[in-house]
Structure formats: C-alpha cells, structure tokens
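*Asks:* The sequence shown: position 85 = 94 (this note's numbering), numbered continuously.
Sharing a structure here in structure tokens format.
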Amino acid sequence: MKNNKIKQKVPPWEKPIFIMIVTIVGGYMNGYTYITRHHILANMHTANMSKLGINIALGQWQGALSYFIPIVACILGAAFSELVKALLVIHKFKGDWRKLALILEAIALFFIGLIPTSFPDIIVTNLVSFFMGYQLCLFRECLGIAFNTTICTGNIRNVGQLLYSALDEKSKDSIRKLIIFTCLTFSFALGAIPGTLISIAISTKAVWVCSFILLTQAVWINIYECSVV
C-alpha cells in the first residue's frame, strides 16, 4: 500500500507552484535586462516581430537587424533545448532530462552575471533571449493546459477562455483552474518586481538569484525521483 502511494506522487513539474516559480524567473529576467541593459526587454518577441516589420517598411535596416537577432536567438535556444533532450535520451540519462537542463541554464545565467555592464548590450540581451527560448521548451503545460514560462500572450488567452468556462460551467474545477492560471500568468509580472529592484541594487550579479532558483528546482526534481525509486 505504501509503495502504491509513493508511485502516485505528482511530479514537481506538474504542480502549479513549480511552474509559477519558473515563470517568476522569466519575468525576473526581463526586469534584469531592462535595468542592466538600457531598458531592453529580452522576452518581448511579439513586439520584436512587429518592430522588425516596421523597420523594414521604413527602410531602417540596422534597426530591423537589431530586432531580428533576438528572435533568431530565441529560436536557437528552443532548438538547443530539444538537442539537450535528444542527447540525454540517447545517452540514457537517468531521471527526467529537465533536471540537467535546469542545471545547465543555471550555470549559463551564472556566467552571464559575470559580464560587466561595459560589454555590448546586444551580446548579453541575445544570450538571455537564447536561454529564455531554451527555458520556454522545458515546461510547456500545467494541469493539462498549454502554458509558457517566458512569454505571456498565449497565457492571457488561456485566462480569457478559462474565465468563460468558469462563468458557463460554474463548477469548482473550472473556477479552480481560472484562479490557478490567473496567478500563473501574473507571476511573470511578479518576477519582474524583484528582477528590477535587485538589479538596481547589485547590477549584473542580480541574475545569480535566478541561477539559485533554477538549481533549487533541479534539486526538487531530484528529491522526487529519489522518493519514487
């Protein structure tokens, strides 16, 4: 009976609180680049797409390139996450592949924190964009509903759909999901608050907070895996 209960444990990455913490990291990183890199938001790719088209229309090719590069960086980050997953599967990595993926991201963000503000913004912000695209692919849903931890447009849409379901069905489950996904969506903004304040206080090293958070998430996964062995 005891073993059956252990096997029925819910994995951390299926828990809203786990996804919320990862989403807070996404928002934190926007606050980080906004303060340390001259008001640049590393995760605003819907806006980047629009500004890319606007700059092309105006013949401002250098401006267009500045918006095109972070989009490509995000794409490459997403592709890199799939590469990491494939390599870990091929080499029969024990446990969930996202545990090591989180550790890799934590290490990368630690080194980004070592880059001084005198370094060109375009390099740092595109590195952040790369790893936010990478993080985007690690956790793609919560409670069976698609969710993004580094961008918000799709999440806002989900809240609207869940609001309709809650008003239409008036069931405890639909209301519960509405509350959970509203909190998850706004946790991105919540993350931007400490991201801004800590970056003002300690500048580029503020990103190390995210490294620590991601490492604790990896440890959480490891504790879960040890408990179900």
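Using N, Cα and C, we set each Cβ at its ideal position, and we do this for glycine too.
Being a predicted model, the structure only gives us computed values, none of them experimental.
Between the C-alpha atoms of Pro21 and Gly68, what's the straight-line distance to the nearest angstrom?
*Replies:* Your numbering for residue 21 matches position 12 in the sequence shown. Your numbering for residue 68 matches position 59 in the sequence shown. Going from the Cα of Pro21 to the Cα of Gly68 covers about 49 Å.
*Asks:* Does the pairing of the region 199-217 with the region 83-96 give three or more beta-carbon distances under 8 Å?
*Replies:* no
*Asks:* Here's a check: name, in chain order, each residue in its chain whose Cβ is nearer than 7 Å to the Cβ of Thr245, leaving out the five neighbours to either side.
*Replies:* Outside the shown range of the chain, which is 10 to 238, sits residue 245, and nothing can be said about it.
*Asks:* Quick one: using the 10 Å Cβ neighbour count with 16 as the cut-off for buried, is Ile15 buried or exposed?
*Replies:* Here residue 15 refers to the residue found at position 6 of the sequence shown. The predicted position of Ile15 is uncertain, since its pLDDT is 46 and thus under 50; a value taken from the coordinates is nonetheless stated next. Under this definition Ile15 is an exposed residue.
*Asks:* Using 8 Å for Cβ pairs, my map puts Lys181 next to Leu152. What's the rounded Cβ distance?
*Replies:* As a first step, residue 181 is located in the sequence shown; it is residue number 172 there, counting from the start. As a first step, residue 152 is located in the sequence shown; it is residue number 143 there, counting from the start. Contact flag wrong, Cβ pair sits at about 14 Å.
*Asks:* For Asn13 and Leu171, I'd like the C-alpha separation in whole angstroms.
*Replies:* The sequence position of residue 13 within the sequence shown is 4, counting from 1. The sequence position of residue 171 within the sequence shown is 162, counting from 1. Model confidence at Asn13 stands at a pLDDT of 48, short of 50, so the residue's coordinates are unreliable; what they give is reported in the following sentence. For Asn13 and Leu171, the distance between alpha carbons rounds to 33 Å.
*Asks:* Going by the CB atoms, is the gap between Ile78 and Met58 shorter than 8 Å?
*Replies:* As a position in the sequence shown, residue 58 is number 49, starting the count at 1. As a position in the sequence shown, residue 78 is number 69, starting the count at 1. No, these two residues do not count as a Cβ contact at 8 Å.
*Asks:* On the premise that Met141 lies in contact with Gly86, defined as a C-beta separation below 8 Å, what is that separation, rounded to the nearest angstrom?
*Replies:* Here residue 86 is taken as the residue at index 77 of the sequence shown, counted from 1. Here residue 141 is taken as the residue at index 132 of the sequence shown, counted from 1. 7 Å between Cβ atoms; contact.
*Asks:* Note down, in chain order, each residue of its chain lying with its Cβ closer than 6 Å to the Cβ of Ser220, except the 5 sequence neighbours on either side.
*Replies:* Taking the first residue of the sequence shown as position 1, residue 220 is located at position 211. Result list for Ser220: Ala115, Leu118 and Phe119, in chain order.
*Asks:* According to DSSP, simplified to helix, strand and coil, what is Asn192?
*Replies:* For the purposes of this step, residue 192 is identified with residue 183 of the sequence shown, where counting begins at 1. Looking at the sequence provided, one finds Cys at residue 192 rather than Asn. DSSP places Cys192 in helix when its eight states are reduced to three.
*Asks:* Less than 8 Å between the C-beta atoms of Ile230 and Lys108, yes or no?
*Replies:* Counting from 1 along the sequence shown, the entry for residue 230 is found at position 221. Counting from 1 along the sequence shown, the entry for residue 108 is found at position 99. Cβ atoms of Ile230 and Lys108: closer than 8 Å.
*Asks:* Going by the beta-carbon positions, is the gap between Asn135 and Ala82 smaller than 8 Å?
*Replies:* Against the sequence shown, residue 135 aligns to sequence position 126. Against the sequence shown, residue 82 aligns to sequence position 73. In contact: Asn135 and Ala82 (Cβ atoms closer than 8 Å).
*Asks:* Just how far apart, CA to CA, sit Ile49 and Trp106?
*Replies:* For the purposes of this step, residue 49 is taken as the residue at position 40 of the sequence shown. For the purposes of this step, residue 106 is taken as the residue at position 97 of the sequence shown. Using only the alpha carbons, I get a separation of about 31 Å.
*Asks:* Using 8 Å as the threshold, is the C-beta distance between Tyr43 and Lys60 below it?
*Replies:* Here residue 43 refers to the residue found at position 34 of the sequence shown. Here residue 60 refers to the residue found at position 51 of the sequence shown. Their beta carbons are not under 8 Å apart, which means Tyr43 does not touch Lys60 by this criterion.
*Asks:* Grab me the residues of Gly72's own chain with a C-beta within less than 6 Å of its C-beta, minus the 5 sequence neighbours each way, in chain order.
*Replies:* The residue labelled residue 72 in the question sits at position 63 within the sequence shown. Closer than 6 Å at Cβ, skipping near neighbours: Asn64.
*Asks:* Determine the direct distance from the alpha carbon of Phe195 to that of Ile202, and round the result to whole angstroms.
*Replies:* One-based indexing of the sequence shown puts residue 202 at position 193. One-based indexing of the sequence shown puts residue 195 at position 186. Each residue's Cα considered, the two are about 11 Å apart.
*Asks:* Taking the alpha carbon of Cys56 as the reference point, which residue from Thr126, Pro25, Ile160 and His100 has its own alpha carbon closest?
*Replies:* On the sequence shown, residue 56 is found 47 positions in, with the first residue counted as 1. Note that residue 56 is Ala in the sequence shown, not Cys. Residue nearest to Ala56 within the set Thr126, Pro25, Ile160 and His100 is Ile160 (criterion: CA-CA distance).
*Asks:* Pull up the distance between the alpha-carbon of Lys18 and that of Tyr233, whole angstroms please.
*Replies:* For the purposes of this step, residue 18 is taken as the residue at position 9 of the sequence shown. For the purposes of this step, residue 233 is taken as the residue at position 224 of the sequence shown. Rounded to the nearest angstrom, the two C-alpha atoms are 8 Å apart.
*Asks:* Less than 8 Å separating the beta-carbons of Leu111 and Leu223?
*Replies:* Reading the sequence shown from its first residue, position 102 is the one you call residue 111. Reading the sequence shown from its first residue, position 214 is the one you call residue 223. In this structure, Leu111 places its C-beta atom within 8 Å of the C-beta atom of Leu223.
*Asks:* So, helix, strand or coil for Ile209, using DSSP?
*Replies:* To locate residue 209, count along the sequence shown from 1; it is residue 200. In the structure shown, Ile209 adopts helical secondary structure according to DSSP, grouped into three states.
*Asks:* For Gln226 and Trp70, I'd like the C-alpha separation in whole angstroms.
*Replies:* By one-based count along the sequence shown, residue 226 stands at place 217. By one-based count along the sequence shown, residue 70 stands at place 61. C-alpha separation (whole angstroms): 41 Å.
*Asks:* Please give the ranges of any alpha helix (DSSP H) in the region 76-125, keeping only runs that are unbroken, at least 4 residues long and fully inside the region.
*Replies:* 106-121
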